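A quick write-up on the structure given underneath.
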Amino acid sequence: MNFITCLYAFGGSLAFAILMNIPKNKLVLAAFGGFIAQFTFILGHLYFDSTVISCFLATLSLAFYSEVMARQTASPATIYLVVSLIPLVPGSSIYYTMLYFVQGDTQTGIETGLYTLAIAGALSMGIIIVSSTSKLIHRINQKRNTSQVK
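Given below as structure tokens:
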């Protein structure tokens, strides 16, 4: 496993957190989500031969981390989520998609674009699943607590 890549993800996430004006007491925690995302992505590649599946698993792990940290630090989950997603964003795929279209290579542009959309879809689905599950669990706990009070 390439541990140095995880450290690069941490550094990139930390730099982005600074640019986004994340509170100083949450900078390292937010950047650690990028480390977790990259670590899970690498683990996913060991077991699956698909970047899309690896991105999905990494997003599930970082979204879960974001929800837990949001509860622990009494802050919004987006503070951790947005910063942690940076290592997974398919920036080069977006660039190459546009480059192929500009160069007139429509077929390769479409293929690269569909691949990019698959990764973006995996990222969004991972976030939606964890966020929805977290909200559902929170509502169930609220109902349980209010029924016990009566």
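Just add 1 to the spot in the sequence shown (first one is 1) and you have our numbering. Just so it is clear, CB atoms sit at the ideal spot from N, CA and C, and this is done for glycine as well. Quantities reported herein were computed from a predicted structural model and do not represent experimental measurements.
Beta-carbon proximity check, residue i vs residue j, cutoff 8 Å
i: L30; j: T60; result: no
i: F11; j: F36; result: yes
i: I87; j: I23; result: no
i: L15; j: G34; result: no
i: P91; j: T117; result: yes
i: I120; j: S94; result: yes
i: Y96; j: T109; result: no
i: L89; j: I128; result: no
i: F57; j: M126; result: yes
i: K27; j: S76; result: yes
Contacting residues, own chain, Cβ-Cβ under 7 Å from residue i (five flanking each side not counted)
i: F17; result: V84 and I87
i: N3; result: I43
i: F40; result: C7
Same chain, Cβ closer than 6 Å to residue i, five either side skipped, listed in chain order
i: S135; result: E68
i: G114; result: T98
Residue-chain proximity (residue i, chain B), Cβ-Cβ < 8 Å
i: S55; result: Among the protein chains of the structure shown there is no chain B, as only one such chain exists.
Beta-carbon contacts of residue i that lie in its chain and below 8 Å, excluding the five residues immediately before and after
i: I54; result: G45 and A123
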